[in-house]
Structures are given as structure tokens and as C-alpha cells.
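Asks: Chains as they are written, first to last, in my numbering: chain B, 1 to 357; chain S, 1 to 357; chain Z, 1 to 357; chain V, 1 to 357. Before anything else, here's the structure in question.
4 protein chains.
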Amino acid sequence: MIRYSAIGAVGYVCGEVLRMMVAHPEGKLVSVLDSYGVGDKISAHHPALRGFYDQVIQDLTEENVRAAAEESDVVLIQVPSGEVPRWAKIVLDAGKKIIDIGADIRFRDVNVWEKWYGQKHPDPQMTHEAVYCIPEVMRELAKGKSLIANPGCYPTATTLGLMPALKTGHIVENTIIVDAKSGYTGAGRRPALNKILTEAENNFCAYALGGGHRHTPEIEQNIAYLTGKDLMKPETWQFINFQPHLLPQVRGIEVTIYATMDRDYTNDELYAMYSEAYQDEPFVQVYPASQPVQTKWVYGTNFCAMTPTFDKRTHRLIVTSVIDNIGKGAAGQAIQNMNLIMGIPETTGLMFPAMYP
Amino acid sequence: MIRYSAIGAVGYVCGEVLRMMVAHPEGKLVSVLDSYGVGDKISAHHPALRGFYDQVIQDLTEENVRAAAEESDVVLIQVPSGEVPRWAKIVLDAGKKIIDIGADIRFRDVNVWEKWYGQKHPDPQMTHEAVYCIPEVMRELAKGKSLIANPGCYPTATTLGLMPALKTGHIVENTIIVDAKSGYTGAGRRPALNKILTEAENNFCAYALGGGHRHTPEIEQNIAYLTGKDLMKPETWQFINFQPHLLPQVRGIEVTIYATMDRDYTNDELYAMYSEAYQDEPFVQVYPASQPVQTKWVYGTNFCAMTPTFDKRTHRLIVTSVIDNIGKGAAGQAIQNMNLIMGIPETTGLMFPAMYP
Amino acid sequence: MIRYSAIGAVGYVCGEVLRMMVAHPEGKLVSVLDSYGVGDKISAHHPALRGFYDQVIQDLTEENVRAAAEESDVVLIQVPSGEVPRWAKIVLDAGKKIIDIGADIRFRDVNVWEKWYGQKHPDPQMTHEAVYCIPEVMRELAKGKSLIANPGCYPTATTLGLMPALKTGHIVENTIIVDAKSGYTGAGRRPALNKILTEAENNFCAYALGGGHRHTPEIEQNIAYLTGKDLMKPETWQFINFQPHLLPQVRGIEVTIYATMDRDYTNDELYAMYSEAYQDEPFVQVYPASQPVQTKWVYGTNFCAMTPTFDKRTHRLIVTSVIDNIGKGAAGQAIQNMNLIMGIPETTGLMFPAMYP
Amino acid sequence: MIRYSAIGAVGYVCGEVLRMMVAHPEGKLVSVLDSYGVGDKISAHHPALRGFYDQVIQDLTEENVRAAAEESDVVLIQVPSGEVPRWAKIVLDAGKKIIDIGADIRFRDVNVWEKWYGQKHPDPQMTHEAVYCIPEVMRELAKGKSLIANPGCYPTATTLGLMPALKTGHIVENTIIVDAKSGYTGAGRRPALNKILTEAENNFCAYALGGGHRHTPEIEQNIAYLTGKDLMKPETWQFINFQPHLLPQVRGIEVTIYATMDRDYTNDELYAMYSEAYQDEPFVQVYPASQPVQTKWVYGTNFCAMTPTFDKRTHRLIVTSVIDNIGKGAAGQAIQNMNLIMGIPETTGLMFPAMYP
């Protein structure tokens, strides 16, 4: 049995963790904590969970976190940027494990974080101890570890879509462009004018236009990792363009990845290469060029589906890769990482198909 | 007064032409013809037009086309690929003008058309006589002409979004990538499994993956035109990647254009450059980097709105450009072209704002 | 020429008035006033209006309202409940006309308003002087008047859908049930959790469940008017059930009206009766039973479309009636009323078809 | 272990049965049969099921049905109206059980079926042997039986929403009106013009207007059952109005039920009455008047959620009841019935929460 608690209770990711954990044969929720909604039943904020959990939301205090940590094996944390170390220290001191769903401990070089997140990092040492883990890419690093940085949604879809091609060594440096699209759950649950249905429906736009999105360096770090660069020397990494957009839909991320290669491939070669690379990965599905993947195929799941293609006219790899941003892009991968560090099969509780349509 | 007829009556583009022409002070509809829906009132297929037009759909026969042409000044044609010349000849023989909304006469070199459309061209001579016209780019070519190729939706949004930057001469050859997204009206009105709401809603995917979409050479031809290449020598043109996707919305195209430049720009410089380039163009709106354009801002109109930006880390121009695919991308531009060749102000009947929200 | 001003600038109704007035050959905007967004361009809040209006939003002060009124013929007011009289008095004192889009002056008996709106009415006298006007129902009352109460969206669709049947005298008292559905623009533009796309999309629910919606007595007053009851004696009116729901769409109201009749009709008889009743009404469209009306047929317009039917098994009239809630349900009808009281044809600027699809 | 087969493979209901059965600890799929898609993998039609099932679709022949029945305990059937008996006979002859998802065997009096479905019933005897079963209403009838008529989607939501109030005996005869709304999955998977996203999105309309929908007599039969009428004497039943509408969403049914009662209730009394009536029903959730249920709360599940209220002004009960039309409205209830007749807990494999948002 895995006893777990969640810091950050009312957002979509916590709701999705709790939804998925209903079917997890080992999981047992201890506590949920937040500074918002204190005293409310979980179902007051996650109406679909009515009848599935008895807990009420506890106030996010050091005392309550300590008490929760003591009864838990793992604590999942989702709090605003810069606030993770405060709570993580308490959990680690209690000898328990952490999955951090935010970005505080995702970068090996704390300077990268400080530059892109515009803050002084509250605990650089903690970031050095943390392990960033997309299991399909670097699960070996995470085994037995206690402090896991759960990857961002866009970097997950992009890194998985790039990995087999990157490993060939034939992608030309500085040619990678990632055109990304996300449903509105990726923008969080706080009401704002641009998110209300009347403004968002039947509408589509770019945001963070021109290179400013914070997931850019996270993807660059992953590329550096996959191409053998020193993660502590970001000056040796290559630059990419990562350009996100907002889709008028609830869930789903699609990234279209472009990269020039220094040799040509057929679509069939790429399909074979990708299929082989992921043949032992239960959560990755590779499709041939005739079947561009759709976000709905992975709706509400921990799957990543992708279609790699090649345009010989331009010598460019073009890969489309989809995940559910709060599934594999957040809650699903957090559970997968929890399974991984607790030593049970990664697929535990996660092998269910998408709801379609 | 401009008397006009439409060949192709039941699709979305004809419906939009008729909707927009309600407010056109000069236009007078003569006939609508189609081989489908013959004998039906227009409102049987375009319910919103009830009470606005009396005509019934006439059978698409040579005799009826001839009669319609004789009473019209202009005929708008939208028929399947390869069928335009048959009807166009009748109209031209009657001494009347044509706006062809399809692709039959868009390419100067008929070989380009034959390669990408996979057919023998039925009348290469006609294609040489035709004038392809995005008015903001090449209106001088069209003045007084009788045979106009109305541009494709994606090429319109892309060409307008690229033009000012292309004209600097600083875009590096073969670095242009266009990631395009379109609402479902772009896929036509014929029912198909992938278009029904249950499959399309809350879903997003690429299509024509890896370089095969027919709008690719049309954009390449436009780039060749803007960079002074010989349109009859496609072997001298540069290659681009044009990758389309389907948005779960009714109308709207967004293209995100990436291009490496051999000198750097600030966002402000680009904003000034684009604003100046389009200062006399009533249908083009340029926004600063802080305001990425939204498809809804141009919903149902003949406007094209765009936000140019630059990423100095990668030396790439990133432009987002939006149109309504059946507005400026089809019906609106057809009316603009009709105004142009009939010698009245291009804006006639087209200066109305988008419905928002 | 009609010079007009608008109090209440940033909401959807003002945006729609300004959008529709672009095509109005007589209208000239003087000022827009609000206590929010002061100093902003109109297009800062209504992006689709960029290039169409130069005015900036003026602060909503007595001095500014007086100045605006002096240069205007009509002032359209949309402010929170209970605040109309303060501004209306200034306009009336300046000898100008008012269209109030809210509910402050909709009831002849101020007690009805006070009961349903839960406030003391700030100026009962003003409410007696006001004229409530759905032009198709009571235009004679409004001619030449200065203080017009523009009807609510649901009451407009319902009253028009009921009128011909009510006038037969064969509807059995206390049997009317109105099941109403509205798009989210009906809920205003202020962000709230239940309105964000992620919560609202792919979702449907009732609200104000069990009889509490404020449009109930407005519909009852209209029924009383149509059946010859004394509007100052609400104790003599019949009760209805009016039950609203929220549709996952931007615009559009549909009401399904049920009423027992004391004699039977065929669908054809009803179609003939309704068609005749509205034969001179350019904004009302009647359809036969085989064509249930769709909200999209009237999208963005001032039309009301309806399909009356009869179920002989239950002796019930069943009418479906649709409008655009911010078209005929608010802005369109306000312009129609403005035309009416200014003595120009009601259709001026309003005879344009819906955007479809 | 329950071995099951499915006749009718490519529709949404079969896809949903297979999706839900992934988590069912006892279920084992034997065969899927259809006359369409023969030879295809299941995932060719249900992309989200890739990797979960190995079977290919077998041709729907008598021989194949016999073979499937012999290896199965239960066969779920979904075929066009009137075709059930042909296949059911084979299954029954093999001594196996049937869940029919269509309407062929839902009526005790075959004349009712013949009148509303406009056909001669192919096997009246079979219809007499069948048991119609909403488990929460009449599970006792189904225990141990072999031929189960799975209820329609609308009748399920309506009957559950009415049951507690009907059982009081205080609902006045012939006053029940059901205003129903369904997502597009309720209209099946066959492409049609009115279903494509461009026509259906941002649109809402009634259909089968004026009393003609086939679910009307099914609801009337259920009311007759609950009020002790003789199901073989439809002339003694009361008439209702059941009026359906199409929602621009994928899944979800909401019914708003109106009924006059001969005594008054408070909302609290109704909430208590309904809560008590369903206290032992794991799939029914009752909410107080302040919380009108939302279709999304039961998205993809076997739950039915409802909010009963009372309007004392009109003496009417107003209940809103929601289900997922292909969950509790089809596939979920079919599995619940399968569990029931196979003697395992009804909740087996079905106690999972909705995906939200």
C-alpha cells in the first residue's frame, strides 16, 4: 500500500490525481492540504469525486504538513513558484518522498530557473538533490530517490516526440522548432476574462509570443540531456523555439516538432525507428504517417501518442505528439513517478483507455 | 451596379458570399447554379438567408451558365478541381469576368498544378491568362482583368504575414516553416466521420502530415513572386514547410510563421515595419508583440490581423496571422477582387466589424 | 441622423450595439461612459471594433452624462439594478430619450419589481412613466415616448412565441411552462469559475431551479397584457413556470413553451395562424412543424424564429422560439426601439442575415 | 468470470462497453460482430482502445453468432430496429443470456411498439419473455432472467428523476412534461449534415417537435409500472409530453421534469424524500435545490444525478436529472444489467468517477 497526501487541493491536477487514484490498487489518500477551501469536502471543489473521498481540505500549515507527511509515504506538491522548498523540507525531514508537480526543482543549474522564472531560488541546494524524471527517458535516475521533479506538460510531449530522432545524432543543431497547442486546463482554474467560454470558444491564439515561455529552457535541458551535454553548462546547449497556443477545448496538448536532419529518412524508416525505441514503453504509442495522432485518443490518460514523418523536400523531421496535459502532462506522470520511486510497476492504476468520443 | 452569378450554390463559400453581399450597395445577384439542390430555394441550404434572396438553384448546365453569364458582369465559380475551364470558357466567351475560388488557375506553371493536384490540367492556356490576386500584394496585376484566381485561405494568411519581412531581403532561404490551424469550415460541408461534432469537438490533430498539403506550392509561388523569382521556373524557388491542423471551431485560420533572419530585429522594429507596410491597407491590422492576434477578432470578416515578433536567441521571426477562412480566406477576398476588377473601391460592402464574442 | 450615447461601455451589449450601429445609416455615436475602463479606447474592450470608433470611455459622472445627453438624441443605459433612475433623470432633464436595457423600469407595478429584485425601488414615479416595448407586441405604446424599457432576452423570445396562441383565448390558465436555454453571453462578461471554458464546455445545467428567475414576472406581465389583465393588479395574473438553463455556446436563446389549450389544433393550423399573425413583422420568422428552429439561424441578428406545434394526445401547444440573446434579446431590440421612438423605420440598420455557420 | 460478446461493433455504445469493461475484474470479451468493418481490428474504429483488445470484427452471420454465443455467457446486441429477434433466438437457443440495447423488446404490449416504431414486430412472443430493467426501479424482475431489454437513455434519466415523486401518489395525472436535452452521441455515429461540427457547434434546437419521439411511450410505460397500471392495457396509461433537444456537446443528457402535485412540498422535503428513496442506490446521487446538477458531473459514468425542487406558486415539481447518455444511458446500464443477471454485485467495474473537467 502507498499512503499519499497532496499539497494543493482545489486545482485541476489534484482533482485528476484523485480521480485516477480511485482505480489504483495500492494507493490510499491520507490528507489534502491547501490554503484555499479549508474545511471543505473534496467534492465541494471536485464535484465528480462525490462519494469517493471522505477527507476535508486541511489548512496548509507546517504542523499539518508534518502530520500528513508522517502518515504518508509520498507527498505530491503543487504550489506557486518558489514555495516548494518550504513544504518539501518538512516532508524530507520526516523521511518521506516528494513528487513536485511545479517547476521549482526542475533545473540542475539554478541560474536557468532564476533567469526564466524571474525570482531568486529559495533553496538552490534542494534543486541539486532533486531528480527530474520523464520515466521513459530517465527512469534509472529516479529509482529509489525521494525528491522528484515531475516534468511540465509541453516538455513531456516534446521530449518524447524528439527522443528517438535526437538519439540518431542526425538532427542539425539549432533547427528545432516546437509549435505547441494546449487546451484551457493548461491555463489553470482561476477565472480570468480570456478563459470564459464566451471569449475562448470558437477562438484560437498564440501566447507568450516570440520565445518567452518558461517551458523553453526545460525542453532545452532535456535535449541537452539526450545529446550528452553537461546540464550544469547551459552555455553549451542549443536554442530552440517553443511557441505555445491556446486551443478552444478542455484538455489535450499537441506539439508539432520541426527539425532539420543531415540525412534523409522515409516515413517508414521513422515509423520503424520510433516503434522500436518505444516498444517496451506501455504508455507510448507510435503511429504511421497516414495516421496523424489526435488529442482525443489520449483524453484523460497517461498515454503519449505520436506520428513521426519526414519531408524530403526540406530535409525536415515533422513529428506530431499528443498527451492529455493533466494526464501524462501532470497527474498521470506524477502517479507513474510515484509508482516508480515506490518500487511497484509504473503502470499500476494507469492502464485504462481514453474516453472516446 | 454589379450583376453577379455564382456557380456552386450549396457550399459554405457561396453562402458567405451571399451573406456579405446583402450589405453590398452595388451587388445584384442574377443566378446561382449547382448540380446539387437544383430547384431548391437558396434558403433551403443557407437557412440564415431566408427572406433575403428569391432565386432558386438552377441546374449547372452549359445553357444555364450561358444565360446567367449574359445577364451578369461577374461570375464566381466554385467547382471541383479540374472542372473550372469548362464553365469559365462559357463566361469568357460571353465577355464577362470570372472569380475562381478554387485552385485550377492559381499556378503560372501548369506543371506545378499537375504535380500537386495529381491530374492533367484541362486547359493550360487558361491558366496562363489568369491572374492570381491577393489585392494587398499584387492588385496592380488584376486591374481590368477578366479571369481572376482567388487565393487559397492558408496562402492568404501566410503571404500577408510574411510580406513585409520577405521584402527586407533578410529572411534566410529555405528556413520558412508555417504551422497552420483551421476551423472545420475549411474542410467543406460534405458530411464525413471525422467532421461530426462527437469526433471533432474537444479534439485537435494535424493532417496532410509531413509536407503534402496542396497549399504548399501556392505559398511557395507567392514567396517566389515577392522575392523576384521567375514564376515559370519553380526549380529556382525555395522550399517551405507548410503543416496544417484542424481546430475544433467553426471558422478561423491562424498561421504561425517561423523564419530565420540574417540580422536581428526588436519586436518594436518589426511592429513599426509591418505597420508601415500595411498603413494604407484597410483590411490588414498589425498588433504589437504584447497582443497576439485571435481568430475571433476577424470572425466573419475580410480582415487579416497579425502580430510580428522576433526571438533574438534563435534569430527567428515569429509571426502569428489570422483570417476567417471563409471571409478573407474565400468569400470576402472574392468580393474584394470583384470590386477591384469592376473598378469600384475594394472596401465596398466589406467594411464591417467581426461579431464578438 | 440619430446621435446616441451609451452608459455602460465594456459589456457585451454595448459591444453589440456598436457593432450593429456600424451599418446603421443614421446613427452617430456621441459618447460611451462607464466607471470601468475609463480612458481606454473602445477597442481595448471590444477588439473587433478596432478602426471603427475613435471615442475613449468617459468616466460615468453626472457632469459627463449631462454633457453626453446634451449632444445626443438618445441614451442607451445598461447599469446594475437600481441605478438607472440616477442617470435617467439627467438625460430626461436634458430633454432627451432613453432606452434602458436593464430591468429597473420594466414593471408597471413597482411592488412586483421590489419583490423579485429584492430592493426598494429608487424612483417609483419613473417606472410609471416608462414604456416597456417589444415592438411586435406593443409598438403603439412607445411611439413618441422618451423613456423605454427594453425587454429582457427570455421574455422577448417567450412573448413572441406565445402571442398568437394567447390571443386565441384558448390557452388554459396556469398551464404555461417555459423551458429556456441560453448561451453564456447571457451570463455577462464578468469572469467566474462556472463560466470558464474548462467548466462550461461540454456541460449543461439548469440554474435558478424551481421558479426563482427574475424574468418570470416579466413574462407574466406580458401575458397579462396580452390577455387584457390590469397590469397594476398582479394578483389577477396567472402564474407560469419559467425554468432557465445554460448552454455550452456563446450566443443564442431557445425557449420551449408548453401550454394546454381547450381546443385542438393541427400543426398546419398553427403554422397558418402564426404566419398570419406575423406576416407584417420583418423580424419574426415562422416555420412549419417539420423545421424546428435553430439558434444559429438568428445568430448575431435581430430576428426571432419560431416553430409552433400541437400534440393532440396531450392537448398541448409546444412552441420552440429562438433569438440571439444579445441581438433581438438586447442590442438589436434596443436599436429597433431607438428607431421606433425616433420615427424612422424600425428595420433601419437591422436587416442583415445571420452569419452561418 | 463473465465471458461476453457484442453484436454491433463500430458504434459508440460498443466502444463504451469495451472501454468500461477494461476495468471490470470479471469480464472477458469473446467476440465482436458486425456487418460493417468486418476484419478490422477493434481499434480501427475505436482508436482509444488500441492495445486493449486483440479481436478483429467478425462478420455478422448466423454461424458466427452461434459460435460466439457458445463461448459466451452473455451477448450484448445493438442492431437496427426489428432485427434483434433474428440474432437473439440463436443466442437463447445456445442457452445464453442477452442484453438488448435497442428498443425491440422494451414494450410489454407489442402494439405500442408497432405503433411508435412503424413496423410489424418480427417476434411478439419474444417481447413477452423479455424483461425491461432499470435496476434501481425493477431489479427484482430481472434476477436470473436471460433476455433483458436495456432501457433507453432519456427514459432512464426521466424515470429515475420521477420515481420518488410518483410513488407519493400526489402527482396529478396527465400533467407530466419532460423537456430533454442530449449531446450528439445520442444521435449515433453515422455522418449527416446536421451533425458536422460546423453546423452543430454553437447551435441548439428541438427535434421530433410536438410529441413524436419514440421514447415517449417507453417513459409512459415506466410511469404506468410505477403507478400500478396494467402494462398490457396502454389505454389506461396517462399521456406525457416528452420533448427532446440536441445540445452542442459530445455526451450528456439533462431532463427537466415538470409535474403538478396535489399537495405542496418544500425543497427540503423533496431533498429528504429523494435522498431516502435512493439511499441504497450507489449510482444515484441526489442534490439539494441550491445545486442544480450538471451533465459533466456524470461524464463517462454510470451515475444518475438529480436535483428535485418545488415551486409553490404553481404547485409544480421541477426535477433536473442528468446521466451520460452512453454511460448510464446505454453501455453502463448494460454492464449493470449484465452484472445483475450474472449474479455478481451490480457495481462491479462501474464505481469510477467522472472525468472532470
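Where is the CB? At the ideal position from N, CA and C, for every residue including glycine. Nothing here was measured: the structure is a model prediction, and the numbers come from that model.
#1: Taking a contact to mean a Cβ-Cβ separation below 8 Å, would you say residue 52 (chain B) touches residue 221 (chain B) in this structure?
#2: Going straight from the alpha carbon of residue 131 (chain B) to that of residue 357 (chain V), what length do you get?
#3: In chain order, what are the residue ranges of uninterrupted beta strand (DSSP E) at least 3 long that sit wholly in the region 197 to 265 of chain S?
#4: If you count every other CB in all the chains shown that lies within 10 Å of the CB of residue 25 (chain S), and 16 or more means buried, which is it?
#5: Compile a chain-ordered list of the residues in the region 197 to 228 of chain Z whose CB is closer than 7 Å to at least one CB of chain B.
#6: Taking the beta strand (DSSP E) that residue 180 (chain V) belongs to, which residues open and close that run?
#7: Check for me: the alpha helix (DSSP H) holding residue 92 (chain B) runs from which residue to which?
#8: Do you know how far the Cα of residue 254 (chain S) is from the Cα of residue 178 (chain S)?
#9: Please say whether residue 304 (chain Z) and residue 292 (chain V) have beta carbons closer to each other than 8 Å?
#10: Jot down the residue ranges of each uninterrupted beta strand (DSSP E) in the region 19 to 49 of chain S, minimum 3 residues, whole runs only, in chain order.
#11: Could you list which residues in chain B have their beta carbon closer than 9 Å to that of residue 258 (chain S), in chain order?
#12: Can a CB atom of chain B be found closer than 8 Å to the CB of residue 301 (chain Z)?
#13: Using alpha carbons as the reference points, say which of B:168, B:18, B:28 lies closest to residue 269 (chain B).
#14: Can the beta-carbon of residue 241 (chain S) be found closer than 8 Å to that of residue 316 (chain B)?
#15: Do you know how far the Cα of residue 261 (chain V) is from the Cα of residue 358 (chain V)?
#16: Among residues of its own chain, excluding the 5 on either side of residue 39 (chain S), which ones have a beta-carbon nearer than 7 Å to its beta-carbon?
#17: Ordered along the chain, which non-local residues of its own chain (more than five positions away) have a Cβ less than 8 Å from that of residue 92 (chain B)?
#18: Opposite residue 321 (chain V) in the DSSP bridges: which residues?
#19: Check the Cβ-Cβ distances between residue 185 (chain Z) and every residue of chain S, and say whether any is below 8 Å.
#20: With a threshold of 8 Å between beta-carbons, can residue 118 (chain B) be considered close to chain S, or not?
#21: Compute the distance between the beta-carbons of residue 352 (chain V) and residue 307 (chain V), then report whether it is under 8 Å.
#22: Any idea what DSSP makes of residue 294 (chain S), helix, strand or coil?
#23: When you compare the CB of residue 50 (chain B) with every CB in chain V, is at least one pair closer than 8 Å?
#24: Provide the residue span of the alpha helix (DSSP H) that contains residue 105 (chain B), from first to last.
#25: Out of S:288, S:341, S:338, S:247, which one is the CA nearest neighbour of residue 296 (chain S)?
#26: In whole angstroms, what is the alpha-carbon distance linking residue 142 (chain V) and residue 212 (chain V)?
#27: Does the separation of the CB atoms of residue 13 (chain Z) and residue 354 (chain Z) fall below 8 Å?
#28: Determine the chain Z residues that contact residue 310 (chain V) at a beta-carbon separation under 8 Å, and present them in chain order.
#29: Is residue 54 (chain V) closer than 8 Å to residue 2 (chain V) when the C-beta atoms are compared?
#30: Can you tell me whether residue 345 (chain Z) is buried or exposed, with buried defined as 16 or more other CB within 10 angstroms of its CB?
#31: What residues of chain V sit near residue 286 (chain Z), judged by a beta carbon separation below 7 Å?
#32: What are the uninterrupted segments assigned as alpha helix (DSSP H) that are 4 or more residues long and contained completely in the region 55 to 79 of chain B, given in chain order?
#33: Check whether chain Z comes within 8 Å of residue 195 (chain B), counting only Cβ atoms and requiring the distance to be less than that.
#34: For my contact list, residue 69 (chain B) and residue 89 (chain B) are in at a C-beta cut-off of 8 Å; report their separation, rounded to the angstrom.
#35: For the beta strand (DSSP E) containing residue 5 (chain V), list its first residue and its last residue.
#36: When you compare only the Cα positions, how much space is there between residue 298 (chain Z) and residue 199 (chain V)?
Replies: According to the structure data:
#1: no
#2: 30 Å
#3: 241 to 246, 253 to 260
#4: exposed
#5: 197, 198, 200, 201, 202
#6: 177 to 182
#7: 84 to 93
#8: 10 Å
#9: no
#10: 27 to 34
#11: 177, 179, 241, 243, 258
#12: no
#13: B:168
#14: yes
#15: There is no way to answer for residue 358 (chain V), as the model of chain V reaches only from 1 to 357.
#16: 56, 57
#17: 98, 146, 147
#18: V:255, V:306
#19: yes
#20: no
#21: no
#22: strand
#23: yes
#24: First-last for residue 105 (chain B): undefined, no H or E at that position.
#25: S:247
#26: 29 Å
#27: no
#28: 210
#29: no
#30: exposed
#31: Those within 7 Å of residue 286 (chain Z) in chain V number zero; the least Cβ separation is about 13 Å.
#32: 62 to 71
#33: yes
#34: Wrong, their Cβ atoms sit about 10 Å apart, outside the cutoff.
#35: 2 to 7
#36: 13 Å
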